[in-house]
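Asker: Numbering (my numbering), first residue to last: 10 to 113. For each residue, glycine too, the CB sits at the ideal point set by N, CA and C. The model shown is predicted, which means the values in this text are computed figures rather than measured ones. Pasting in a structure now, in structure tokens, and then I'll have a few things to ask.
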């Protein structure tokens, strides 16, 4: 059975019949997760919440009895939780835009 978060709210299905509880207050603040490495992403508030969500599922994910397909479902459920926020959460990737030098 999947672990649950404290401060119960809405639940998200994980694996075969497992549920993870998401605090109601968290679902109503919105969330942006920044992909990348370094201090900017580590200290970003949305990434801190994301890591807390991942940590809540880590024991179940790393269990020797958890099969590969269930691990895929756990990862998908994390993305689902982020997208269920109000407003919907987003996972963002930084794209370096290049402009031609000397143009206006």
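1) Determine the extent of the beta strand (DSSP E) in which residue 99 is found, giving its start and end residues.
2) Taking the alpha-carbon of residue 56 as reference, which of 68, 88, 40 has the nearest alpha-carbon?
3) State the beta-bridge partners of residue 43 as determined by DSSP.
4) Taking the straight line between their C-alpha atoms, what separation do you get for residue 43 and residue 89?
5) If we count the other Cβ atoms within 10 Å of its Cβ and call it buried at 16 or more, is residue 4 buried or exposed?
6) Could you spell out where the alpha helix (DSSP H) holding residue 60 opens and where it closes?
7) Expressed to the nearest angstrom, what Euclidean distance is found between the alpha-carbon atoms of residue 70 and residue 104?
8) Given residue 197, which residues of its chain have a CB within under 6 Å of its CB, disregarding the five upstream and five downstream residues?
9) Measure the Cβ-Cβ separation of residue 91 and residue 98 and say whether it is below 8 Å.
10) With a threshold of 6 Å on Cβ separation, who are the neighbours of residue 54 within its own chain once the five nearest residues in sequence on each side are excluded?
Answerer: The short version:
1) Indexing the chain shown from 1 puts residue 99 at position 90. Note, residue 99: beta strand (DSSP E), 99-101.
2) Numbered from its first residue, the chain shown carries residue 56 at position 47. Ranking the options by Cα distance to residue 56, first place goes to 40.
3) Counting from one through the chain shown, the residue named residue 43 turns up at place 34. In DSSP, residue 43 forms a bridge with 101.
4) Taking the chain shown and counting its residues from 1, one reaches residue 43 at position 34. Taking the chain shown and counting its residues from 1, one reaches residue 89 at position 80. The C-alpha of residue 43 lies about 16 Å from the C-alpha of residue 89.
5) There is simply no residue 4 to check, as the chain begins at 10 and stops at 113 in what is shown.
6) The count along the chain shown starts at 1 and reaches residue 60 at position 51. Here the alpha helix (DSSP H) through residue 60 covers 54-71.
7) Locating residue 70 in the chain shown gives position 61, where the first residue counts as 1. Locating residue 104 in the chain shown gives position 95, where the first residue counts as 1. Each residue's alpha carbon lies about 31 Å from the other.
8) There is no way to answer for residue 197, as the model of the chain reaches only from 10 to 113.
9) Along the chain shown, one-based indexing puts residue 91 at 82. Along the chain shown, one-based indexing puts residue 98 at 89. Going by C-beta atoms, residue 91 is nearer than 8 Å to residue 98.
10) By one-based count along the chain shown, residue 54 stands at place 45. Closer than 6 Å at Cβ, skipping near neighbours: no residue.
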